[in-house]
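In this note's numbering, the protein residues as written are 2 to 158.
Glycine included, C-beta positions come from ideal geometry on N, C-alpha and C.
Remember, predicted model here, so these are calculated numbers, not experimental data.
Here the structure comes first, spelled out in structure tokens, and everything after it is commentary.
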């Protein structure tokens with residue numbers, strides 16, 4: 002089984018989600034029991050809704066447990082800062098075409114959220130940055146075309 006990289010923050014988020022779902026389990030079971038007491042299950046909307054909710058909850062629990070089981074949690078703060086872009090680092094970039102500065106953190110696929118500047122390790126930009134150093138200029142082919150960036154800073158935070 003291949004391990005999937007995940008940040009400490011990503012692991013903590015999944016553990017919190019799992020905790021919430023596990024607390025919902027008994028409530029759903031109770032709702033099913035109460036709905037059963039109402040009689041005929043064929044036309045019992047409350048029963049069917051509770052069973053559907055139970056199925057969704059159990060699927061989410063299995064999904065999170067699987068993700069945690071295959072996760073290789075990487076705490077970049079414990080690594081020596083070599084200035085090299087690696088998984089978990091936060092990178093300050095300068096777009097050489099537009100002179101726009103941007104900051105990205107390279108995270109696992111499930112953690113990626115461009116609105117929070119969290120980019121997947123498998124994204125074109127992250128793949129183009131991995132292994133590079135602060136001060137390097139890189140050309141990266143993105144879905145929007147060829148982009149040129151200068152790596153201004155690499156932080157292990």
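Per DSSP, the beta-bridge partners of residue 142 are 147. DSSP, read as helix, strand or coil, puts residue 113 in coil. The distance from the Cβ of residue 86 to that of residue 158 is about 13 Å, inconsistent with a contact at the 8 Å cut-off.
Residue 135 sits close to residue 84, with the two beta carbons spaced by under 8 Å. The bridge partners DSSP lists for residue 42 come to none. Counted as a single uninterrupted DSSP element, the beta strand (DSSP E) harbouring residue 102 occupies residues 101-108. Boundaries of the beta strand (DSSP E) harbouring residue 119: 119-121, taken from the DSSP string.
DSSP places residue 5 within a strand segment (E or B) once states are collapsed to three. Proximity to residue 56 across 80, 39, 30, 14 peaks at 30, based on C-alpha coordinates.
If you draw a 10 Å sphere on the C-beta of residue 15, you find 16 or more other C-beta atoms in it, and that means buried.
Comparing C-alpha distances from residue 33 to each of 26, 21, 52, 23 shows the shortest one belongs to 52. Among the bridge pairs identified by DSSP, residue 135 is matched with none.
When the five nearest sequence neighbours on each side are left out, the beta carbons in the same chain lying within less than 8 Å of the beta carbon of residue 69 are those of 12, 15, 16, 19, in order along the chain. DSSP places residue 22 in the helix class (H, G or I) of the three-state scheme. At a Cβ-Cβ threshold of 8 Å, residue 108 and residue 121 count as neighbours.
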